Structure formats: C-alpha cells, structure tokens
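A.B. asks: Numbering-wise, the sequence shown is residues 320 to 454 according to the numbering used here. What follows is a single structure, and I will ask about it in a moment.
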Amino acid sequence: MHNRIMHLGYMYSPIIHAEVFNIKYECQEYWESLIRMSLSRFFILQVLHRQPLHGYEITKQVSCLTDGCCAPTEGSLYPVLREFTDNGLVELTTQVVSGRERKIYTLTPKGENAYQVAAQAWGVTAKYILEAIKQ
C-alpha cells in the first residue's frame, strides 16, 4: 500500500490523516518521528548557515548538533537538498577532493532568509512547548 493517498485532488500523508490509518498516538516513536521530520529541515539549514558542506558532513553535523535526534538519513537528506536547490535556497557546486568529486551545498541569500525566518518561528514555538510541558 502507498504511504500517501489521493483525496479530493490532494495528497494526504498518513501521519496527518489518522482516521484513514491506525496511528498509535500513545507511542513515543510516533511523536519523535513527527518532530524529527519537521526539525530535520531546520537543522539542515542551520548547519549550512554556518558554512557550505557536502552531504555526508551535513548529516554528521546535524547528528552532532542534535545528539542524533534529527539527523537526516541519506534517503531523506538528498530529496530535501534537491527541494532546497530547486527553490533557490541552496546552491550546488562541485569540488574535487583526493580525486573524488564532492557536491558542496551553500545557502543562497534566499536560503539565509529562510533560515532566519525558520529560526524565529522555531524559537517562538519552542518557548510555548516548554511552557506547556511545565503545566
């Protein structure tokens, strides 16, 4: 079965539409997966905000920064980088290192702006999450 379904002309994700799928809301893995999917994009932008990097180094730095929590897998990293590139957030260049070609990803001015907006949005959201947990 596909992990997405078409409904009224829109693609729906099973995570969003629980009435179609048996989602275990009481399961910590569900919530961790949802958080990781959302935050992974932010942390990819964050490490590229610091410096241009190749794919493996992006994963490594996000993993280090988040203690492994939000590190993208190879299968999830490259589609996000392609999306960021297609939308003008990231610029791709190639570099030869020790005879091997590496793709280096660099934030564009548009990508830098997206990072700043995301950082502000996550900062506000994190504040409210922490306040809610205290209650």
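Idealized CB from N, CA, C, for every residue including glycine. The model shown is predicted, which means the values in this text are computed figures rather than measured ones.
Given this structure, state the Cα-to-Cα distance separating V436 from D386, to the nearest angstrom.
C.D. replies: Rounded to whole angstroms, V436 to D386 spans 24 Å at the Cα level.
A.B. asks: For L384, which option in L411, R369, P428 and I423 has the closest C-alpha, if you only look at C-alpha atoms?
C.D. replies: Ranking L411, R369, P428 and I423 by Cα distance to L384 puts R369 first.
A.B. asks: Just verifying my parser: in three-state terms, what is the DSSP assignment at C383?
C.D. replies: Helix, per DSSP.
A.B. asks: Given this structure, state the Cα-to-Cα distance separating L411 from I423, to the nearest angstrom.
C.D. replies: L411 and I423: Cα-Cα distance of roughly 6 Å.
A.B. asks: By alpha-carbon positions, which one of S395, V409 and L396 ends up nearest to Y434?
C.D. replies: The shortest C-alpha separation from Y434 is found at V409.
A.B. asks: From the DSSP output, read off the bridge partner residues of H373.
C.D. replies: In DSSP, H373 forms a bridge with I423.
A.B. asks: When you compare each of C388, I363, I354 and Y344 to T404 by their alpha carbons, which one comes out closest?
C.D. replies: That would be I363, whose Cα lies nearest to the Cα of T404.
A.B. asks: By a C-beta neighbour count over all protein chains shown, 10 Å radius and 16 as the cutoff for buried, is A390 buried or exposed?
C.D. replies: Answer is buried; the Cβ neighbour count reaches 16.
A.B. asks: Could you pull the start and end residues of the alpha helix (DSSP H) that L400 belongs to?
C.D. replies: Note, L400: alpha helix (DSSP H), E393 to D405.
A.B. asks: Does T378 pass the burial test, meaning 16 or more other C-beta atoms within 10 Å, or should it be called exposed?
C.D. replies: Looking at its Cβ environment, which holds 16 or more other Cβ atoms inside 10 Å, T378 is buried.
A.B. asks: Hey, how far is the Cα of A445 from the Cα of Q439?
C.D. replies: Answer to the nearest angstrom: the Cα atoms are 10 Å apart.
A.B. asks: E450 bridges to which residues according to DSSP?
C.D. replies: The partner list for E450 (beta bridge, DSSP) is empty, contrary to what the question assumes.
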